[in-house]
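To keep things clear, I will list the structure first and then write my remarks on it.
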Amino acid sequence: MFSHIMLGSNDIARSKKFYDATLGVLGCEPATPNAKGRLTYTHDGERLVITMPLDGQPATAANGGTIGFAMTRAEQVEAWHKAGVENGGKAIENPPGVRHTAMGDLYLAYLRDPDGNKLCAMYKMPSA
Numbered sequence: 001m002f003s004h005i006m007l008g009s010n011d012i013a014r015s016k017k018f019y020d021a022t023l024g025v026l027g028c029e030p031a032t033p034n035a036k037g038r039l040t041y042t043h044d045g046e047r048l049v050i051t052m053p054l055d056g057q058p059a060t061a062a063n064g065g066t067i068g069f070a071m072t073r074a075e076q077v078e079a080w081h082k083a084g085v086e087n088g089g090k091a092i093e094n095p096p097g098v099r100h101t102a103m104g105d106l107y108l109a110y111l112r113d114p115d116g117n118k119l120c121a122m123y124k125m126p127s128a
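Okay, so the sequence shown: first residue is 1 according to the UniProt record's numbering, each after it adds one.
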């Protein structure tokens, strides 16, 4: 459905530290800024791009928006959350853990990246 997701940043070096750590948990290689200063992370054919806004205005977080990253196990969610907090992210909402939803049991963790974007790590737990 998506060709890529792009997020604005006001500090590419700060974002690189955060995303290299959190996406490294998924197996992504650290990003190298391209000629435009953008960071591109690729995982399972999906791309996340971090960039300074092209219009020269400050990057702002989407109110009500969330980007979710699929995880393969609860421990990976915990590692993602820990890496994020240790690298400039802010823990938000409830601590990482199980949420009982209409989709079944999910192991979730939420962070704000250094620019305020809301991120979620989600592991869909097997049915009992």
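Backbone N, C-alpha and C fix where the C-beta goes; we use that ideal spot for every residue, glycine too.
Work out the CA separation of residue j and residue i for me, nearest whole Å.
i	j	result
L111	G88	10 angstroms
A79	G24	10 angstroms
S3	S127	31 angstroms
M6	K16	14 angstroms
D115	A62	10 angstroms
M52	T22	20 angstroms
G65	N117	8 angstroms
N10	F18	13 angstroms
Report the CB separation of residue i from residue j in whole angstroms; it is logged as a contact under 8 angstroms.
i	j	result
Y107	A83	With a Cβ gap of about 16 angstroms, Y107 and A83 do not count as contacting.
D20	A31	7 angstroms
How is residue i classed by DSSP in three states: helix, strand or coil?
i	result
T72	coil
G8	strand
E86	helix
G116	coil
Among the options, which residue has its Cα nearest to the Cα of residue i?
i	options	result
I70	K124, T32 and I12	Strictly speaking, residue 70 in this sequence is Ala, with Ile absent from that position. It is K124 whose Cα lies nearest to the Cα of A70.
R99	A91, A109 and R38	A109
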